[in-house]
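Trainee: The sequence shown maps to residues 214 to 531 in this note's numbering. A virtual CB, placed ideally from N, CA and C, is assigned to each residue, including glycine.
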Amino acid sequence: MIASAERCNPDELSNDDLLAGAVLRGLVWYDPALREHYATAAGIVLLAKDPSAVFPQCRILADAYRSTVPDGDPRDHEDIRGPMPLAIERAIDFIDRNTRHPMRIVGLNRVRLDEYPVDGLREALVNAVAHRQYEDAGRKIILEVFADRIVISSPGLPPRPITLAGLRRGNYRPCSRNPVLAQCLSYFHRIEERGSGFRRMRDHMLNHGLDLPILNTEMGYFQVTFPGPGENIDLLRTPEKRLSVTPAVEARLNERQRTMLQWLAEGQELTSRQCEAEFGVSRPITAGDFGLLVDLGLAEKLGAGRSTRYRLKARENR
214 MIASAERCNP DELSNDDLLA GAVLRGLVWY DPALREHYAT AAGIVLLAKD
264 PSAVFPQCRI LADAYRSTVP DGDPRDHEDI RGPMPLAIER AIDFIDRNTR
314 HPMRIVGLNR VRLDEYPVDG LREALVNAVA HRQYEDAGRK IILEVFADRI
364 VISSPGLPPR PITLAGLRRG NYRPCSRNPV LAQCLSYFHR IEERGSGFRR
414 MRDHMLNHGL DLPILNTEMG YFQVTFPGPG ENIDLLRTPE KRLSVTPAVE
464 ARLNERQRTM LQWLAEGQEL TSRQCEAEFG VSRPITAGDF GLLVDLGLAE
514 KLGAGRSTRY RLKARENR
């Protein structure tokens, strides 16, 4: 984090540099009487191995339900503790294992889709950590995964002068309840301080083929609800950045290699013997074809010897 803030290589920072950087950014304070350094509250939240040992509210309670309503027996549950930047990624992993990931063939690409836009979810989780009301020690951030939506609830209402109506309209200026946390999370490249987080969430959902996120308050929590595709999984759009076969890559393939890649994209597993017979070429030719597809990250090799076969290398939308 300090290296990111200083725009330098982490290996270039000495222990004294790290300590000075942490003091400068409000993560550590110096007691001149005792000549000792101590972590600030923000330093504990962001860097401690388990911040909840000091602040019990520094946790993310995650539940995944089988249906569209909560029940007493969730199919998955996790009490996520740890330095908040890592806790956010564990929450993303929780969502990943409890949502659907259809495979889609797009041209010469076979792409693993996410049911929800990961960048939009991460934005909401970062906002929950950065802007929650930490004075309320009895409540944690709540993450709920339902069959038709994801709900992220953060203790506390929007800080004044921000209003719920203004957030819904996109008419607001940046205002943080916890400016040190917000600033330091920006150094992790996980938040921008210019106050455009909710606009980016909207863009991520629209670009993913889903409805806009819903902003609400309930029982002292600020809630962001991400509507899912429900039964219509075909609503999901394929992000262009996940396509492995760009025009530049395709230009490197000859007609035979494009045909082989198309078969792989359709879910087939190919062997050298099969391609030799299909195209009337020699073993060295097919070996070169498969070697190029592997080198370009388009195919992967399975097995060895006579059992060697090739399949399309799936790309994850993460």
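Cutting at 7 Å between CB atoms, please list the residues of its own chain near ARG531, excluding the five before and the five after it.
Mentor: With a pLDDT of only 48 at ARG531, under 50, the local geometry of the prediction cannot be trusted, and no value is derived from it.
Trainee: Decide if ARG465 is buried, meaning its Cβ has at least 16 other Cβ atoms within 10 Å, or exposed.
Mentor: exposed
Trainee: Ordered along the chain, which non-local residues of its own chain (more than five positions away) have a Cβ less than 8 Å from that of GLY516?
Mentor: Leaving aside the five residues that flank GLY516 on each side, the residues in its chain whose CB is nearer than 8 Å to its CB run, in chain order, ARG522.
Trainee: For GLN470 and SER366, what's the separation of their Cα atoms in angstroms?
Mentor: 50 Å
Trainee: Assuming SER485 is part of the alpha helix (DSSP H), what are its boundary residues?
Mentor: 485–492
Trainee: The alpha helix (DSSP H) with VAL241 in it runs from where to where?
Mentor: That residue, VAL241, is in no alpha helix (DSSP H); its beta strand (DSSP E) goes 241–244.
Trainee: With three or more C-beta pairs closer than 8 Å as the rule, is the region 234–245 touching the region 310–317?
Mentor: no
Trainee: Which of the three DSSP states, helix, strand or coil, is assigned to ARG524?
Mentor: Secondary structure at ARG524: strand, using DSSP grouped into helix, strand and coil.
Trainee: Taking only heavy atoms of the ligand GDP into account, decide whether any of them is closer than 8 Å to the Cβ of ASP327.
Mentor: Ligands in the displayed structure: none, and consequently the ligand GDP is not present.
Trainee: Going by CA-CA distance only, name the one from LEU334, MET432, LEU477 that's closest to GLY410.
Mentor: LEU334
Trainee: Leaving out five residues on either side along the sequence, give the residues of the same chain with a beta carbon under 7 Å from the beta carbon of PRO269.
Mentor: ALA350
Trainee: Can you give me the start and stop residues for the beta strand (DSSP E) that LEU356 sits inside?
Mentor: 354–358
Trainee: Assuming PHE439 and PRO371 make a contact with CB atoms under 8 Å, what is their CB distance in whole Å?
Mentor: Not really, about 18 Å apart at Cβ, beyond 8 Å.
Trainee: In terms of residues, what are the limits of the alpha helix (DSSP H) holding PHE503?
Mentor: From DSSP, the alpha helix (DSSP H) with PHE503 extends over 496–508.
Trainee: Where are the beta strand (DSSP E) runs, 3 residues long or more, that stay fully inside the region 263–327, in chain order?
Mentor: 273–277, 289–293, 316–319, 322–325
Trainee: Excluding sequence positions up to five away, which residues of its chain have a Cβ less than 6 Å from the Cβ of GLU357?
Mentor: ASP276, VAL364
Trainee: Between LEU377 and THR430, which are expected to be in contact by the criterion C-beta below 8 Å, what is the C-beta distance as a whole number of angstroms?
Mentor: The pair is a contact, with the Cβ atoms about 6 Å apart (cut-off 8 Å).
Trainee: Please return the same chain residues whose Cβ sits closer than 8 Å to the Cβ of SER485, not counting the five positions on each side in sequence.
Mentor: ARG496, THR499, ALA500, PHE503, THR521
Trainee: As a quick exercise: from ARG325, VAL339, ILE354, VAL462, pick the residue whose alpha carbon is nearest that of GLY433.
Mentor: Checking every option, the nearest Cα to that of GLY433 belongs to ILE354.
Trainee: Is ARG345 near ARG390, with beta carbons less than 9 Å apart?
Mentor: Yes, the Cβ-Cβ distance between ARG345 and ARG390 is below 9 Å.
Trainee: Would you give the residue range spanned by the beta strand (DSSP E) that ALA512 belongs to?
Mentor: 512–515
Trainee: Measure the Cβ-Cβ separation of ALA304 and LEU394 and say whether it is below 9 Å.
Mentor: By the CB criterion at 9 Å, ALA304 and LEU394 fall outside the cutoff.
Trainee: For THR472, name the three-state secondary structure that DSSP assigns.
Mentor: helix
Trainee: In whole angstroms, what separates the C-alpha of ALA252 from that of SER265?
Mentor: 14 Å
Trainee: Relative to the C-alpha of TYR329, which residue among PRO452, LEU260, ASN340 is closest?
Mentor: PRO452
Trainee: DSSP state of ASN530, grouped into three classes?
Mentor: Because ASN530 sits at a pLDDT of 47, beneath the cut-off of 50, its placement in the model cannot be relied upon, and the point is left open.
Trainee: If contacts are defined as beta-carbon pairs under 8 Å, then LEU525 and ARG323 qualify, I think. What distance do you get, rounded to the angstrom?
Mentor: 5 Å
Trainee: Since LEU334 is in the alpha helix (DSSP H), which residue starts that stretch and which ends it?
Mentor: 331–344
Trainee: LEU260 and ILE301: beta carbons closer than 9 Å?
Mentor: no
Trainee: Within a Cβ cutoff of 7 Å, which residues of the same chain sit near ARG362, ignoring the five residues on either side of it in sequence?
Mentor: THR438, PHE439, PRO440, GLY441
Trainee: Buried or exposed: ILE427, going by 16 or more other Cβ atoms within 10 Å of its Cβ?
Mentor: exposed
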